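**Q** Protein chains in written order, with the UniProt record's numbering: chain A, 1 to 656; chain B, 1 to 656. Sharing a structure, written as structure tokens. Questions coming.
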């Protein structure tokens, strides 16, 4: 056995190593002939997309463009080793970049870097020490990324991958649509080439929009025309790609517009002659690694948690879609570890936080990417540009990047179509979608995410609290019991009421259970008080005040008598516990007290269809004591009914 | 029919009036002979308790003592008209008073009323303009009370009485125990007669305790001895009352100590000779009504919501206990309206927020109180003191009031016994208790309440996510199916797996459902990939990475083959949907995709025991489309099994 044990533990270590470094499981058996061509084509296509997206998203993250290229290289290489999804394209992503940008601008606003205070003379814009500002912002973005990585790594090591389940689909879609709104609004200033300050925090979308509209008169017409041309071109290419998906061997790379517009910008000297903002300095080569500046961390903790979770949820939701499509599985915890390492190690090489981008991933998959090799090759394309020819992008107008970002958002905005669809299928999920969207647009992405997760959780409570109740009747010649209101065939058993409510019984709905039971069994406080010989009129008024038996309010005297007679005839109540999945002490107490209440007027209550688990719970809660014995529990409703029928019904109570 | 209709609406108006003014329902038929004596005795006893409690709780609320007497008079009279509980004693209450005091001191701290700045010379305490300070604090307390009343009134009119259901018993008990800790700590300074400032907000308990301990050397020994004597006396009386409950006609009124100690204090001139703090000026007569100062409201909104909810939850939980005991019903919404009117109208007469007090209510009930008349008489006792003999309480030492408050807390502290009890019955509810206690002690009562409600809601999610799964087997000669691991008699049907998981299927546990299903059916991605002719080794490694079928890790080759053979034999899977109470789109998609997944390998999935409601939900979610037809749904597990057995099992798949 010792040998076996040793073998076991060595196998365990091996399996742990394999699960930590998934590349060891797939690379040794990589089928070169089958896969390599697809991976190369896909890698090149994705790499071409990484370039403009990296530059553009760096603008969102409020750092100089070249840092977007770094972020499109290092983490992508790392993911090849640690990632479990074969099809997602890791790298810069609009939403995450925007979140980083918000934090960075909050911590290092322009106002901190004024060279001269021109408070009184507002027509002359005060000069900003952009170099110091950008250096500070890079510091902040890198430190934040480091923290995001640590968060993701910790969550992964603590096996917290399951948190993604709280991010239900309507929530994620509403949230990402809201994120697109943020991204779209943030790009308007680049499209119009107007200089407005950047806002963050609640209502920042509204402030940004107002700021752009106020300054709309200072629009640079050249930039706007160039931007709009790009949008039309890119949208056209996108459309063609989708329409002729089957006929095209590869999607047409719309990103070619970057090369063209860079050429135009250089040729026409757009910056010098037309004041069109361009990308500007792109230093060649890589920077030496350096430890992030941890002194700024305390302010960034909450932001980093939000970014870590959003990044992970984007990654895992896309990874799962591909895994399902191609029949392999992804591991949430390992994905967290992979993303954590990408961001943490990356941050030492001056990257900002990454996750997978939906647009790139779709291209990587559709161009024939089979494994992580495609992502690796894409990163090599980026590396080539960074070390050799980055400088040629310097004259690229910012408005072109804004156009690329905006067109990439089209897919996200199409999620708006969820609204009519969800209206038809599930109002509650529509509510989740709308809450996620509205709160994320108005409160900002971090608070929005928090509010919408809270709301999604509350909807579950709401569902358990809005159950359907019914009285069951016997379907003759079977052992089945169905809702008497729904099925004509079902017949109520004389003197027996079978009550069914499809919910568990716990604090938030035990009152509901008891009230519905009493209403349905039409056997309320009314009768109990009658037994105590109080005046009928008084009792009826009390009941009305309580609002529970208001139906009886306008009943005539004869109806009242009939009603009472029906009540007296019931000698047994069976509670169908089949839908009860759990019970807590409040629920157990409520059921117990209702059993006692009915026992006081000679009505016996039985419990049917109680699962083994539930029975154990009831025992632990000391439910069976006093008049409540385990004898009242029956495996099925039919057993309970047979028991009631064979029991000699006791003589009706002595009232009247 | 018009006449009938008119009659109906006039009856409706009448019933609305009756439900708004419950006194109209019970006073006309008040059985004087039976009830009046009990009500008088009970009213006098409760009135005697209202006096010292009013004085003491005014100290907690940081307003002059006489305002506690006002709060023990006006709201009590109002409750007689609007309240639905016959046994609760409305008036000042420690927890609420403490919450008011916290807000009042935060908004009008001593430091705002310094007469001279003695910052450098700390040995001489700076003088405080107590008159201005107290006037300001009364203003604040009254405005806050007005707002609390408006909140409660609105909640009641909007029929929000149901919110009380979220205040589950363990939560309320943990919370009130924490409140007792706050009250106890706040009284220490009066018991020791040391002058420390008052703290509010998170960790205020800790700060207060430290402040008292630091100043412990300046304890006034006379006051301490007097206080301890009172504590011992009051505790003794309480103990005797409980021990000889059956033999005593009336509980001994321990509050007599107030008279005695007032006499002692007056006779020995404790204030002048021993510097013992006394109650001080109690003006005779009532103040003219005045509108609260609404200018201070904006700062108090969130506090007022917390106080409104805590006040209501105290009232309704106690009212329900008595209603259950005496067989009448209380209406949550009307109680909210009653409390709202007590506080709102009361605030015009300079009262601070009230609710029912547990100690007084128990006395009111045990001394024979039958209706709200008892409370009304108690208020008359208070009125008598206010207008005629209030001044005689002026020499009453504050340490005696502290002693009364502390001894009244004994019952609350006994709730600590819940901990071992809950440990045995329900760990989850113990967690709610402890979270409510710890968070309310450390974060303060407002944030503590918020955190604990949030936690209680999350436990429900947790419960739905920690279900029990099982494979069902047939019990021969019955139509019943039970857990094969629990019941030896149950036999698995050849080729059919019946899966049961007692939870609803929604976003937070749909993954769990699918994973457990695959684990239990032992028919994982493994086999699916095998069908696709990939190398077995690779697949096994993949599966390990995923962590789902790790059992197979150390299996030998022959075991593996056997395992695969068993898998191939399964031709049908039946999902027992009896415990599924609701499903959302994420759940429906998950089930649909698993059905398709199995269909790809010729395994048919059926759904059994699906309720009518659930079927409707599935239809709305467009579940039935493509290969998934309503034919796969069966009313019971047995029907589904019979169908599977009569279907000619398809030839086993072509693998191996």
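All residues carry an ideal CB built from backbone N, CA and C; glycine is no exception. In this text, all values refer to a predicted model and were calculated from it rather than measured experimentally.
1. Leaving out the 5 sequence neighbours to the left and right, which residues in its chain are closer than 7 Å to residue 361 (chain B) when beta-carbon positions are compared?
2. Under a Cβ-count criterion, where at least 16 other Cβ atoms within 10 Å of its own Cβ denotes burial, should residue 78 (chain A) be classed as buried or exposed?
3. On the three-state DSSP scale, how would you describe residue 487 (chain A)?
4. Can you grab the Cα-Cα spacing for the pair residue 636 (chain B) / residue 462 (chain A), in whole Å?
5. Within 8 Å, do at least three Cβ pairs link the stretch 369 to 387 of chain B to the stretch 30 to 37 of chain B?
6. Select from the stretch 611 to 628 of chain B all residues with a C-beta closer than 7 Å to any C-beta belonging to chain A, and list them in chain order.
7. Of the choices B:40, B:35, B:66 and B:37, whose alpha-carbon is the least far from that of residue 352 (chain B)?
8. Compare the C-beta of residue 240 (chain B) against all C-beta atoms of chain A and say whether one is closer than 9 Å.
9. Taking residue 162 (chain B) as the reference, which of B:219, B:85, B:331 and B:71 has the closest Cα?
10. Express the C-alpha separation of residue 580 (chain B) and residue 571 (chain B) in angstroms, rounding to a whole number.
11. Can you give me the start and stop residues for the beta strand (DSSP E) that residue 499 (chain A) sits inside?
12. Would you give the residue range spanned by the beta strand (DSSP E) that residue 690 (chain B) belongs to?
13. By the 10 Å Cβ neighbour count, where 16 or more other Cβ atoms means buried, how is residue 291 (chain B) classified, buried or exposed?
14. Taking its Cβ as the centre, do 16 or more other Cβ atoms sit within 10 Å of residue 647 (chain B), making it buried, or is it exposed?
15. Would you mind giving the Cβ-Cβ distance between residue 271 (chain B) and residue 395 (chain B), rounded to the nearest angstrom? I have them listed as a contact below 8 Å.
16. Taking 9 Å as the threshold (C-beta atoms), are residue 145 (chain B) and residue 464 (chain A) in contact?
17. Shorter than 9 Å from the beta carbon of residue 197 (chain B) to some beta carbon of chain A?
18. Run through DSSP, which three-state label would residue 282 (chain A) get?
19. By the 7 Å beta-carbon criterion, what residues does the stretch 474 to 495 of chain A contribute toward chain B?
20. According to DSSP, simplified to helix, strand and coil, what is residue 551 (chain A)?
21. Tell me whether residue 201 (chain A) sits in a helix, a strand or coil according to DSSP, three-state version.
22. Quick one: what's residue 633 (chain A) bridged to in DSSP?
23. Three Cβ pairs or more, each shorter than 8 Å: is that satisfied between the stretch 227 to 237 of chain A and the stretch 406 to 413 of chain A?
24. Between residue 535 (chain B) and chain A, is there a C-beta pair that is closer than 9 Å?
25. Under 9 Å, Cβ to Cβ, is there at least one residue of chain B near residue 454 (chain A)?
26. Please report the residue range of the beta strand (DSSP E) in which residue 472 (chain B) lies.
27. CA-CA distance, residue 474 (chain B) and residue 573 (chain B)?
28. Excluding the five sequence neighbours on either side, which residues of its own chain have a C-beta within less than 7 Å of the C-beta of residue 576 (chain B), listed in chain order?
29. Could you tell me which residues DSSP puts in a beta bridge with residue 575 (chain B)?
30. What residue range is occupied by the uninterrupted alpha helix (DSSP H) comprising residue 151 (chain A)?
31. Please classify residue 17 (chain A) as buried or exposed, where buried requires at least 16 other C-beta atoms within 10 Å of its C-beta.
32. Can you list, in chain order, the residues of its chain with a C-beta nearer than 6 Å to that of residue 257 (chain B)? Leave out the 5 residues immediately preceding and following it.
33. Please confirm whether residue 589 (chain B) and residue 510 (chain B) have their CB atoms less than 9 Å apart.
34. For residue 266 (chain B), collect the residues of the same chain with a Cβ closer than 7 Å to its Cβ; drop the 5 residues on either side in sequence, then sort them by chain order.
35. Any beta carbon of chain B sitting closer than 9 Å to that of residue 39 (chain A)?
36. Quick one: measure Cβ to Cβ for residue 393 (chain B) and residue 279 (chain B), integer angstroms, because I've assumed they're closer than 8 Å.
**A** The relevant details are as follows:
1. 87, 88, 89 and 318
2. buried
3. coil
4. 28 Å
5. yes
6. 611, 612, 613, 620, 621 and 622
7. B:66
8. no
9. B:331
10. 24 Å
11. 496 to 501
12. The structure shown does not extend to residue 690 (chain B), since chain B is modelled only from 1 to 656, so the question has no answer here.
13. exposed
14. exposed
15. 7 Å
16. no
17. no
18. coil
19. 479, 480, 483 and 486
20. With a pLDDT of 39 at residue 551 (chain A), under the threshold of 50, the modelled position of this residue cannot be trusted; read the value that follows with caution. Three-state result, residue 551 (chain A): helix.
21. coil
22. A:607
23. yes
24. Reliability of the predicted coordinates at residue 535 (chain B) is poor, the pLDDT of 35 falling under 50, and the value obtained from them is presented with this limitation in mind. So, interface residue.
25. yes
26. 469 to 474
27. 14 Å
28. 472, 498, 499, 500, 608, 609 and 637
29. B:499 and B:607
30. 130 to 157
31. exposed
32. 230 and 233
33. yes
34. 395
35. no
36. 6 Å
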